[in-house]
Each structure stands twice: as structure tokens, then as C-alpha cells.
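Anchor point for the sequence shown: position 69 equals 69 in the UniProt record's numbering, and the numbering is continuous, going up by one each time. All residues carry an ideal CB built from backbone N, CA and C; glycine is no exception. None of these values were measured; they are calculated from a predicted model. One structure below.
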Amino acid sequence: MSDTSLESRQAFGPPFAEKKRKRPDVIADMLRDRMIDAELKPGDRMPAEWLEEDALRASRGTVREALKILEFQGLIASKTGPGGGIFIRAVQPAEAIQTVTSLFLQAPPSIADIYALRKTLEPELAADAALHLPASAIKTLQDKIRLYEGEAETAEEEYVQRLAELDFHAELARHAQNPVLGFACGLLLNLLRDLPVCRAIYEERNPGLRETGIFYQIALIKAIRARDASKARAIMTEHMAEAEAYMLERERLTVSRKPGRDSDQE
């Protein structure tokens, strides 16, 4: 196996057939599996007998390390004092997305990587919205547009408008009937917001971009109100293609202007 493939495999968690793993990791997985099998819900207390050292065949220190792993993963929370113990915790999607985003910031994907997925996922997200988005969420989308319908007077105001446009898409993701689709789209939007190269692009003045975004989003809201999934999908497909072209061109210009680069050779 090449070094590259090994690193790729390790990036997505431990192999399912790992022979040598640290005891706290093994115990953490064992406790997580028990939580799933017992169908424990957020707020439920983890049975004290699960943590007995003899039952786990581990020392108190090893059990403590296993619990720290589960707490770091956001699966449990510990409480001290009367009524204390280990309790199951609900992991919020936004919290999980931010954690995964931080992972990718260490080895950033390219804008092309992000849009390769956005072009596939966001049209389906739009079609899903046309079929299922509640009226209250449609109103929220309209409110998002109002945040950037006026022309920005400063670069700072325009940057805020760019983020509001991303929030428009994030609102669709939050209401996706398919939670995996919603999570994936939310992650891609978070990457666009946080990646340094994207931040640099959004900080540049480009008043015409706001008008293009509003055009697509107003058309999309009309399709959603009409419950026309096919039209919503088509609008978002066109929007993503245009957004990708813009971001890739801006990325090329941004890189060419970096010190030490000969822009005439780009």
C-alpha cells in the first residue's frame, strides 16, 4: 500500500480490522456500541455497571481515558455532585460540521473539490426544498435576501452580504428531508466560509455578483412556492455552474497576485 493511500485511509478513522489499538479507544467504541444497542437518548444516564473495571477488564485510569474520548466526540457529558453521573449528550449538526471543517482546514480542499460536490448535491437540495420546505422556512429565505438586496457601500458590507448568500443555502440544508444531504451541503458551505482562499475572494469588491445571486435565489423561491421540484433543480444547477466558474476564475487571479508569482506566466 502506498503512503498516500495509507494516509487517505487513516484520515477517515481507524480501519475496521485493526489488530493493535489502544485500550481506551477499544473501550470507548465498546461503550458507544452499547449506547446504540440500548437506544439511549440524550439526557439518559449511562448505567453505572457499564463502567465497572472488572466488567471492562481495564483499570480505572483506562476507563477514565475512554470516557474522555467519548466526551471529546460530544457523545457524553459528566456531572458531579448529587444526581451526577455520565449522561448521553445530543451532538448538534452545526457543532459536528464545525469540527469536520476544522479537520479540513489543516489540509484544505480546493475550490474545484468543493464545487465538484456542490454541483451534484445542491440541485437535489433545491428539489427537496420544493417538495418539503415549510412556509416558515420560505419566509426565512426571503429575509436572508433582504440582508443583501441593497448595494453595499464598503468592502466590509459586501463581505457580510457574501456570507448572507451562503446563509441562504445553509437554510435549505437545515431543512433537508435527507439529513445526510443536509449535513454534506452544510459542510461544503462552511468550508466556503472558512477556507482562506475563499475568504480572500469574498473580501474583494464585486457589486455585480450580488445581483446575480439575487436573480437565482428569487427564481428559486418562486419554484419552491410553486412546489416545482424539476424547475428548482434546474435553477440551482445553472446557479452552481455559474458560481463555480466565478470562484475558479477569482481563485486563479488571487493566486497570480501573490508575492513571488509571475502573473504573466499564469
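Pick from the options that is closest to residue i, judged by C-alpha positions
| i | options | result |
| --- | --- | --- |
| PHE72 | LEU51, ARG45, ARG32 and GLY84 | ARG32 |
| ARG162 | ILE145, LYS41 and ASN178 | ILE145 |
| GLU49 | ASP29, ARG34 and ASP143 | ARG34 |
| LEU209 | VAL180, GLU158, ILE221 and VAL100 | GLU158 |
| ILE214 | GLU156, ARG174, LEU166 and GLU153 | LEU166 |
| PRO47 | GLU242, GLU65, GLY84 and ASP228 | GLY84 |
| GLU211 | ILE97, GLU242 and LEU51 | GLU242 |
| ARG174 | VAL160, ASN206, ASP194 and HIS132 | HIS132 |
| MET247 | THR62, ALA112, GLN142 and THR80 | ALA112 |
| LEU141 | GLU244, ALA28 and ILE224 | ILE224 |
| ALA58 | ALA245, ALA28 and THR80 | ALA28 |
| ALA164 | ALA176, ASN190, LEU181 and GLN98 | ASN190 |
| THR99 | GLY74, ASN206 and ALA135 | GLY74 |
Rounded straight-line distance, which links the Cα of residue j to that of residue i
| i | j | result |
| --- | --- | --- |
| PHE168 | GLN106 | 27 Å |
| SER263 | ALA137 | Confidence is the limiting factor: at SER263 the pLDDT is only 44, short of 50, which leaves the residue's position unreliable and the question unanswerable from this model. |
| residue 280 | PRO196 | Limits of the chain in this structure are 1 at one end and 266 at the other, which puts residue 280 out of reach. |
| GLU251 | THR237 | 21 Å |
| ARG45 | ILE88 | 6 Å |
| GLU39 | ILE218 | 43 Å |
| GLU171 | ALA226 | 18 Å |
| PRO109 | CYS198 | 11 Å |
| ALA155 | LYS41 | 46 Å |
| residue 273 | ILE76 | What the structure shows of the chain is the stretch from 1 to 266, and residue 273 is not part of that stretch, so it cannot be assessed. |
| GLY43 | SER256 | 53 Å |
| HIS239 | GLU65 | 48 Å |
| ASP37 | LEU103 | 29 Å |
| GLU124 | PRO179 | 13 Å |
| GLN92 | THR101 | 14 Å |
| ARG60 | ALA90 | 26 Å |
| LEU51 | VAL63 | 7 Å |
| LEU121 | ALA176 | 11 Å |
| LYS139 | LEU220 | 13 Å |
| THR80 | ALA245 | 54 Å |
| LEU181 | GLU95 | 16 Å |
| GLU249 | LEU192 | 15 Å |
| PRO134 | SER78 | 37 Å |
| PRO82 | ASP228 | 56 Å |
| MET30 | ASP194 | 35 Å |
| ASP143 | ASN206 | 22 Å |
| GLU53 | ILE86 | 15 Å |
| VAL160 | LYS222 | 25 Å |
| LEU56 | ILE97 | 32 Å |
Opposing strand residues paired with residue i [DSSP bridges]
| i | result |
| --- | --- |
| GLY85 | LYS79 |
| ARG45 | PHE87 |
heavy atom of the ligand MN below 7 Å from residue i C-beta
| i | result |
| --- | --- |
| TYR148 | Absence of the ligand MN is noted for the structure shown, with no ligands found whatsoever. |
Residue-chain proximity (residue i, chain D), Cβ-Cβ < 8 Å
| i | result |
| --- | --- |
| ASP37 | The structure shown has no chain D; it contains just one protein chain. |
Three Cβ pairs or more, each shorter than 8 Å: is that satisfied between the region 227 to 234 and the region 149 to 161?
no
For the structure I just gave you, are there three or more beta carbon pairs, one from the region 188 to 205 and one from the region 128 to 137, closer than 8 Å?
no
Examine the Cβ distances between the region 174 to 191 and the region 109 to 128 and report whether three or more of them are shorter than 8 Å.
yes
Whole alpha helix (DSSP H) runs in the region 95 to 179 with 4 or more residues, listed along the chain?
111 to 132, 135 to 146 and 155 to 174
Do three or more CB pairs link the region 20 to 28 to the region 61 to 71 at distances below 8 Å?
yes
Which full runs of the alpha helix (DSSP H) of 4+ residues lie inside the region 197 to 243, going along the chain?
207 to 225
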